[in-house]
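Positions 713 to 861 (this note's numbering) are the ones given, in order, by the sequence shown. Ideal Cβ placement from N, Cα and C applies to all residues, glycine included. On a predicted model such as this, the values are computed, not experimentally measured, just so you know. To start, the structure under review is shown below, and the notes come after it.
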Amino acid sequence: MSRLIFVLNGPNLNLLGKREPHIYGSETLADVERDCRALAKELALEIRFHQSNREYELIDWIHEAREVAGGIVINPGAFTHTSVAILDALNAFDPPIMEVHISNVHKREAFRHHSFVSGVASGVIVGCGTLGYQLALRRLAQLLNSAAK
Ligand code: DQA
Numbered sequence: 713m714s715r716l717i718f719v720l721n722g723p724n725l726n727l728l729g730k731r732e733p734h735i736y737g738s739e740t741l742a743d744v745e746r747d748c749r750a751l752a753k754e755l756a757l758e759i760r761f762h763q764s765n766r767e768y769e770l771i772d773w774i775h776e777a778r779e780v781a782g783g784i785v786i787n788p789g790a791f792t793h794t795s796v797a798i799l800d801a802l803n804a805f806d807p808p809i810m811e812v813h814i815s816n817v818h819k820r821e822a823f824r825h826h827s828f829v830s831g832v833a834s835g836v837i838v839g840c841g842t843l844g845y846q847l848a849l850r851r852l853a854q855l856l857n858s859a860a861k
């Protein structure tokens with residue numbers, strides 16, 4: 713199984729650290745990427761880290777991941793609550809998927825309570841801030857390590 717993990721981020725996450733810091737904190741996406749890369753090294757994982765505001769780009773990266781990756785960490789942003797197209801793309805990806813939300817979506821507006829992605833994810837990490845990405849990587853490493861035994 714490949715130890716390459718795609719870490720995918722959806723719309724508006726490029727503004728992390730600048731938009732609504734009372735909800736999303738003050739860390740930027742560059743900080744998240746740096747921390748993911750440091751942890752990936754420790755876990756003997758390789759990562760490809762992407763963000764897009766465009767649904768099709770996220771779908772194209774999921775298709776690319778089908779060919780090469782052993783897992784996906786995805787924070788689809790608002791597409792979580794709207795995108796059947798991202799769900800379909802993830803359904804075509806066999807290895808484990810971890811869904812991450814920085815905020816506790818269940819404490820927020822009702823429209824954020826439903827996720828199209830959760831039904832296809834191995835695990836969901838919600839409301840743990842940007843640490844959620846690291847928890848997700850740790851879980852994928854654990855799944856990959858036990859699959860390799
Ligand atoms: C989010 C939660 C979504 O509801 C929201 O649209 C986002 C970020 C989170 O990380 O908490 O853009 O996915």
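Nearest-angstrom beta carbon gap, residue j and residue i [assumed within contact, 8 Å]
i	j	result
R778	A804	6 Å
G844	V812	4 Å
G783	I809	7 Å
L751	I717	Between I717 and L751 the Cβ distance is about 11 Å, and since that is not below 8 Å, they are no contact.
Distance, residue j Cα to residue i Cα
i	j	result
A790	I837	16 Å
G839	V817	7 Å
H775	S738	32 Å
I771	D747	24 Å
N724	R749	21 Å
E769	V832	19 Å
Q854	L755	9 Å
V780	Q763	18 Å
Y736	G729	7 Å
V829	P807	14 Å
K753	H826	34 Å
E745	R850	15 Å
E732	R820	13 Å
M713	H793	30 Å
L799	A848	19 Å
Span of the beta strand (DSSP E) around residue i
i	result
H762	758 to 763
First through last residue of the alpha helix (DSSP H) which encompasses residue i
i	result
L716	Looking at the DSSP string, L716 is not in any alpha helix (DSSP H); the run it does join, the beta strand (DSSP E), is 716 to 721.
Cβ-based burial, residue i [other Cβ within 10 Å; buried from 16]
i	result
P788	buried
V785	buried
F682	Look at the range of the chain in this structure, 713 to 861, and you will see that residue 682 is not part of it.
### Query
Got a list of residues with beta-carbon closer than 7 Å to any non-hydrogen atom of ligand 1, in chain order?
Counting only residues whose CB is nearer than 7 Å to a non-hydrogen atom of ligand 1, the list in chain order is G722, P723, N724, L725, Y736, N787, P788, G789, A790, T792, H793, V812, H813, I814, S815, V817, R820, R824.
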